[in-house]
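Sequential numbering of the sequence shown, starting at -13, is according to our numbering. Each residue gets a CB set at the ideal place from its N, CA and C atoms; glycine is no exception.
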Amino acid sequence: MENSKVEPPVICVVGTANTGKTTFLEKLIVELKGRGCRVGAVKHHHRGDFEIDRPGKDTWRFACAGADAVCISAPRKAAVIRRVADELMLEEIVPLLGAVDLVLAEGFKKAGYPQIEVCPPDGCTELVGRPDQLIALIGDYHGRFDRPRFAPGEVAQVADFILGWSGR
């Protein structure tokens, strides 16, 4: 019998800068966790290099020494930093998240995953997500959109939508 691992559903939350994507995702994660979901979260950082360690700490020192991968493990949390030749695709990142029921990714506008777009507080006239991947919209869009729309405060309704959409 073949051992096939089922990947969790992935939804990308997209939008222009400063639209409230991170704030909305924080609230959505709290809502989904309150419903018993194991949620993986991925942030797309498009500005190049970044560090999550503080200079001088052991893991930072290991990375500076040239380690290709550095892991820090504690009783309730672990993190891995791995050097890569090219930016990882979202489909390469998802398996690294472990046992989760759902993955919410901020960004990844070009990825071939379902997307929910967050409009700026004053609304938008153009969408930045992939039209073939957009499954819902948050905020005011001044155009035609024939899929579900939600107000930024409708976090519980978005959670209902996502759970229904994903079959969870």
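Return the Cβ separation of residue i and residue j in integer angstroms, given the expectation that the two are a contact with Cβ distance under 8 Å.
i	j	result
Val0	Gly84	The Cβ separation is near 24 Å, so there is no contact.
Cys23	Phe94	At roughly 20 Å, the Cβ-Cβ gap does not stay under 8 Å, so Cys23 and Phe94 are not in contact.
Glu124	Gln101	The question names Glu, but residue 124 is Ile in the sequence shown. Their Cβ separation, rounded to whole angstroms, is 11 Å, which puts Ile124 and Gln101 out of contact at 8 Å.
Shortest alpha-carbon distance to residue i belongs to which of the options?
i	options	result
Thr9	Ala142, Gly153, Pro138, Gly150	Pro138
Thr5	Pro107, Leu11, Ile79, Arg21	Pro107
Ile38	Arg24, Val25, Ile58	Ile58
Leu74	Lys29, Val86, Trp151, Ala142	Lys29
DSSP three-state label for residue i, please.
i	result
Glu92	strand
Val66	strand
Ala51	coil
Met(-13)	Its pLDDT being 43, under 50, Met(-13) is placed unreliably in this model, and the coordinates cannot settle the point.
Ala145	helix
Lys7	helix
Spell out whether any CB of chain D is found under 8 Å from the CB atom of residue i.
i	result
Ala53	In the structure shown, chain D cannot be found, because there is only a single protein chain.
Buried or exposed: which applies to residue i, given that a residue is buried once 16 or more other Cβ atoms fall within 10 Å of its Cβ?
i	result
Pro41	exposed
Val70	exposed
Can you list, in chain order, the residues of its chain whose CB lies under 6 Å from that of residue i, leaving out five sequence neighbours each side?
i	result
Gln143	Phe136
Pro(-5)	Leu88, Ser152
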